[in-house]
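Worksheet: the structure to be examined is printed underneath.
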Amino acid sequence: MSSEILKPKVAVLKAPGINCDVETSYGFELAGAAPETILVEDLKSGERKLSDYQIVALSGGFSYGDDLGSGKVLALELDTYLGNQIQRFIESGLMIGICNGFQILVRSGLLPMGTLGEQKATLDRNDSGKFISRRINLSIERDNACVFLQDLKTTGPVEFQVAHGEGKFVADSSILSQIEESGQVVFRYVDRTNNPTQEYPLNPNGSPHAIAGIADPSGRILGLMPHPERSIDRYQYPNEDMLPDDFVPEGLQIFQGMVQYAKEGV
Amino acid sequence: MGTGQGAKVILSTDVFAVAPPDMDPELLPPNCIPSDILLRGVVAGVRDYGNPMGIPTPNGSVIFHEDFRAKPTVLVGAYGITPEEYVTKGEPLVGDRIVVIGGRTGRDGIHGATFSSAEMTERTATVNATAVQIGNPIEEKKMADLILEARDRGFIRAITDCGAAGFSSAIGEMGENIGVRVDISSAPLKYEGLAPWEIWLSESQERMILAVSPDNMDAFRKLCERFSVEATDLGYFDGSKRLQVYYGDEVVADLDYEFIINGLPQRIIEAKFVREVFEEPDIPEPKDKKDWEEVFKKIMSHGNVCSKLPIVEQYDTTVQGGNALSPFGGINYDAPNDATIIRPLLNKQYGMIVSHGINPILNRIDPRRGAIWAATEAVSNLVAAGGNYKDMVLCGNYISPVPDGQYMGALDIMVDAIDEFEDAIGRPVVSGKDSLSSTYTYRDGRKLHVPPVVNISTLGKMPDVDKKMTTGFKKIGSTIVLVGKMHPGMGGSTYYDIYGGLGNEVPEVDLEVLPKTFNSVNAGIVSRDIRACHDVSHGGIGGAIAEMAFGGDCGVELELNIKTRPDFFLFNETAGTFIVEVESPEKAQELFGGVPHVVLGKTTSEKVFIVDNNNEELFILGIDKLKDAWQEPMRTLFH
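Residue numbers (my numbering), protein chains in the order written: chain A, 1 to 266; chain B, 1 to 639.
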């Protein structure tokens, strides 16, 4: 029972059109957390509250159909209805946004600058103009600002799945240089030799600086286009037979990092 | 979603048959959509519905033939999962409320089923435009989430989706044993102005009918609000054994169920298949390397053989996280696998495997051999990917041009052939569907018929997904073996098609040998003695070996000893034969001693495809040249 108490609680948010909540929850479960799927409606009605959780996860999907731009409606909801709760939560809690979740965080302003309600960047339509689903390689930046990835053994290349139509990170040059200097860029699309690339489809959306994922200045909020929950067990790797026996799936390491940090932070 | 008492959709599949994009535009019948636009549109449809719904689409194929230029075949399948206690269909009780949930009712989709089951003419595109439903995947996704929650709370006594004929069939079917009283004026509409019959027949998507106990209605309504799903009470099951439809106080239908169920007289259809004789193409035997390069590249770039990665890549094939065998693998993630495997329950080691087989043109020549070819191909795909055919069921989908004469005869023969196949392997067909109207009528009365279509799909259980098998070669110096009984027939093959001929001799699958072949391949995969495996289908033996080399990023050297024409060997497409990679010829003998097999050659590090026959070199060809020819068609179409 004591181990149950020690498990960090994760709120995996769910709204119409979110569709990766089950596997994201499973990733947290494998990493030793206690995830719960929480309807945004229940947060709005006050039936649930974010302060009961140490981690908030926004998973992939097409929230509200992405009809006003990917993640826009849910971003507005977070700001309008849950603004105070979120402001309080991010003072100590951890947050991850994956794919549509990353789009929501960027449109809400939480990424890249932690400014809820003030959008400083966007995730634009892929240069190819198409939705793309495939395995890609990422590097993990040395000395990045993300507080819960500090113990990660590897700097890449790590193998993740991308599945998105709007993943090109766009911001003006001052924001770009700011996040580069402060180590907020965490993941980049790379070639086999772990060098950042603009080449399609290795860089699936044409993101400048090959940016695939970023953290906020506090390092407690992480957003990325690729799906770590699709690299949490070896079966998900197309070339599983080439993996070493002691392989720890790379997406799982991200969930483990979050859970470990949340435990120590308690 | 409406199966049993509600199910979670965990996988969808898409199989299309369309005209070749490079078809002479003059051949396109009036008011039909050119094939390239049509295929891009159909792919966009699957993508823009499946991806937002969060359902992976990791299995499918595209078949090209000119006779699909008016009416394409689009077979989209769905696989679901539900706890055993909810598997059987629920029975509504007298007094249960009839509730419609999900999207609103509009004029879209009126007569959708009748339109798609009628012959098509140049007027179809304008007259029947409103028969096509307008989809809204997010509405469907909200409803899907709600249904699972409502099911687990015991709110769903019975559930049926509003498919063909909308409310009339969904509500009508649910009430057949007890009777129905509904007021359709309360149905939420997309806009005002629908006549009662339009509301009753509309096939607008994203609507389900539920039978809910009156005691649960309040709690059910609250749940719907939390999931942002509209729910409307239309009436109740009233015990009258009549179907009574009101629009406010006005009775718009009042029918006895006895009449609805038994009132339609049985139709008698004449069926008589007369075998046609087709021209045998005159194919020159390739003389030199140049000839071989030309034909091999034509095979690899043929629509039925070429890489479909630019299509598959647009589908979210890995959402839900259960993917254990993706549609494409290999060192560069671009070599096709034969089936797909998923783990619907993420914390379990077991999974399910899905594959299919289809080759319509064979059925035009020889419906029996063609149908058996399709079924064999489906099961071979499953076996090649590590599945065991003894732990599998089948699904059959038939599409025929007209329910009469020659085509009804062909359909009858195909169904008998599938029956023969079921007996041979001892596994059943448990699901399926048919459509018997794929005909276009020209203004002058001429008819354009599609070839008779049968698509067989498989659903198998993988006790351990770790026993999956991929197609890419794994090691250099391995032995390449052809396993299974090859039949010399080339009728309907890709090779004949590139010379514009059909031929008459469709390869016949030996149903005695087939289960033995399956068993030996399965045993070799389970023991891991087989390192890579690919079944032979479109593109033949040569095409299969080339794709395996793409996956391994390596080359091959084949040493054949055949007395017949080597081109008819390399491009033979007998279903139920496999190319496997094993350690040595001795290992091949050990694994396949009881079944026909022949050692073809070995894998090499140099990326070339070398073939010698009777110690004489036939050709040497760069793997990348073949790969480029194989990737080019769909890359161009979906640039």
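No residue lacks a Cβ here, since even glycine has one placed at the ideal position from N, Cα and C.
- Taking a beta-carbon distance threshold of 8 Å, N51(B) counts as an interface residue toward chain A.
- For L39(A), at least one C-beta of chain B is nearer than 8 Å to its own C-beta.
- According to the DSSP assignment, M392(B) belongs to the beta strand (DSSP E) that extends over 392-399.
- Annotation for Q406(B): no beta strand (DSSP E) segment contains it, though the alpha helix (DSSP H) segment containing it runs 405-425.
- When beta bridges are read from the DSSP output, P196(A) appears opposite V190(A).
- Relative to the Cα of E41(A), the nearest Cα in the group L74(A), I136(A), D245(A), E29(A) belongs to L74(A).
- Take F255(A), set aside five residues on each side of it, and the residues of its chain with a beta-carbon closer than 6 Å to its own are G27, F28, A31, in chain order.
- The beta carbon of A629(B) sits closer than 6 Å to the beta carbons of K297, M300, S301 from its chain, once the five residues preceding and following it are set aside; these are given in chain order.
- In the structure shown, the three-state DSSP call for E176(B) is coil.
- The segment 566-582 of chain B makes contact with the segment 370-378 of chain B, as at least three CB pairs between them are under 8 Å.
- Contacts between Y64(A) and chain B, judged by CB atoms closer than 9 Å, involve I138 in chain order.
- Distances from the alpha-carbon of E377(B) to those of D444(B), V277(B), D434(B), G484(B) put G484(B) closest.
- If you ignore the 5 residues before and after I413(B), its C-beta comes within less than 7 Å of the C-beta of F273, P367, R368, all in its own chain and listed in chain order.
- DSSP, reduced to helix, strand and coil, places D218(B) within a helical segment of the structure shown.
- The DSSP-derived three-state label of T376(B) is helix.
- For S355(B), no CB of chain A lies under 8 Å from its own CB, so it is not counted at the interface with that chain.
- Sorting P452(B), E420(B), Q349(B), E280(B) by C-alpha distance to the C-alpha of D497(B) places E280(B) at the top.
- With a 10 Å radius around the Cβ and a threshold of 16 neighbouring Cβ atoms, P585(B) comes out exposed.
- Inclusion of F328(B) and L93(B) in the CB contact set at 8 Å is not warranted, their separation being larger than that value.
- Within the segment 537-600 of chain B, the complete beta strand (DSSP E) segments at least 3 residues long are 555-560, 578-582, listed from N- to C-terminus.
- The Cβ-Cβ distance between I98(B) and V182(B) falls below 8 Å.
- In chain order, Y81 place their CB closer than 6 Å to the CB of K44(A), counting only its own chain and leaving out the 5 sequence neighbours on each side.
- Nearest C-alpha to S355(B) among L38(B), G45(B), M1(B), Y79(B): Y79(B).
- Counted as a single uninterrupted DSSP element, the beta strand (DSSP E) harbouring V12(A) occupies residues 9-14.
- Here the C-alpha atom of I456(B) lies approximately 16 Å from the C-alpha atom of K390(B).
- Boundaries for Q244(B): no alpha helix (DSSP H) harbours it, while the beta strand (DSSP E) harbouring it runs 242-247, taken from the DSSP string.
- Within the same chain, E166 come within 6 Å of R125(A) by CB-CB distance, once the 5 residues on both sides are set aside.
- Between the segment 418-427 of chain B and the segment 311-324 of chain B there are fewer than three C-beta pairs closer than 8 Å, too few to call the two in contact.
- Listed in chain order, the positions of the segment 193-209 of chain A with a beta carbon within less than 7 Å of a beta carbon of chain B would be empty, since no residue qualifies.
- For S61(B), the uninterrupted beta strand (DSSP E) run begins and ends at 59-64, by DSSP.
- Using a Cβ distance threshold of 8 Å, F64(B) and W292(B) do not count as a contacting pair.
- If the five residues before and after E250(B) are omitted, its C-beta is found closer than 8 Å to the C-beta atoms of P196, all from its own chain and listed in chain order.
- Runs of the beta strand (DSSP E) lying entirely within the segment 120-151 of chain A, each at least 3 residues long, are 122-124, 132-140 in chain order.
- At a cut-off of 8 Å between beta-carbon atoms, T494(B) makes no contact with chain A.
- The DSSP-derived three-state label of T458(B) is strand.
- Shown here, F518(B) sits in a helix according to DSSP, grouped into three states.
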